[in-house]
Amino acid sequence: MSCPACGGDADVVFTVPSALRSHAPGSGETAAICSSCLRTHAPTTERSVSAEPPFASIHPAFPTGEAGAALALALGLLDSLALRRADIDDCCSHAERAGADVLLTLDRLATAEGVDPHFDADRRRVQVAEMLA
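Written as structure tokens, this is what we have:
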């Protein structure tokens with residue numbers, strides 16, 4: 001499946017934690033994150049979701065499990081921080097409670113080869129740090 005925004009070929013389909021479904025594209029039970037632009041979108045076709053989605057295909061430092069799903073949702077929202085501040089805070093806080101280091105992951109994604117975020121990673125990292133403080 002390709003990304004509807006950038007046309008990237010690789011994406012990771014994951015189950016959205018029930019507490020975060022209102023933040024998912026289409027408020028669905030599943031979502032996908034593009035491994036290139038880091039946008040999230042509703043899966044366009046029915047695909048089975050593995051118990052452990054391969055978030056490491058985006059970057060080896062990407063968290064796994066529920067923490068990875070929450071962070072993926074947050075990354076998809078980062079292009080509109082002013083409008084989605086509360087949603088991003090919910091997703092990042094959920095990711096941290098599930099064991100993710102959100103700021104470290106943002107640092108690593110900012111310099112990762114093959115990743116071209118749809119947001120200014122360096123600027124958003126500072127803003128997310130202030131929000132989570």
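Mapping of the sequence shown onto my numbering: position 25 corresponds to residue 25, and the numbering continues sequentially without gaps. For each residue, glycine too, the CB sits at the ideal point set by N, CA and C. Just so we're clear, the structure is a prediction, and the values are computed from it rather than from any experiment.
Check: For a quick check, are the C-beta atoms of Leu38 and Cys92 less than 7 Å apart?; Outcome: no
Check: Any idea if Ser35 is buried or exposed, counting beta-carbon neighbours within 10 angstroms, 16 or more meaning buried?; Outcome: buried
Check: Which term fits Val126, buried or exposed, when burial requires 16 or more other beta carbons within 10 angstroms of its beta carbon?; Outcome: exposed
Check: Nearest-angstrom Cα distance between Pro63 and Asp107?; Outcome: 13 Å
Check: On the DSSP letters alone, give me the boundaries of the alpha helix (DSSP H) that Asp101 sits inside.; Outcome: From DSSP, Asp101 is part of no alpha helix (DSSP H); its letter is neither H nor E.
Check: Closest to Ala72 by CA distance: which of Thr111, Pro60, Ala24 is it?; Outcome: Ala24
Check: Below 8 Å on the Cβ atoms is my contact criterion, and I expect Ala129 with Leu103 to pass it. Report the Cβ-Cβ distance as a whole number of Å.; Outcome: 6 Å
Check: So Ile33 packs on Asp11, CB below 8 Å; how close in whole Å?; Outcome: 6 Å
Check: Taking the beta strand (DSSP E) that Val188 falls in, what are its first and last residues?; Outcome: The displayed coordinates of the chain run from 1 to 133. Any statement about residue 188 would go beyond what the structure contains.
Check: For Thr40, which beta-bridge partners are listed by DSSP?; Outcome: Ile33
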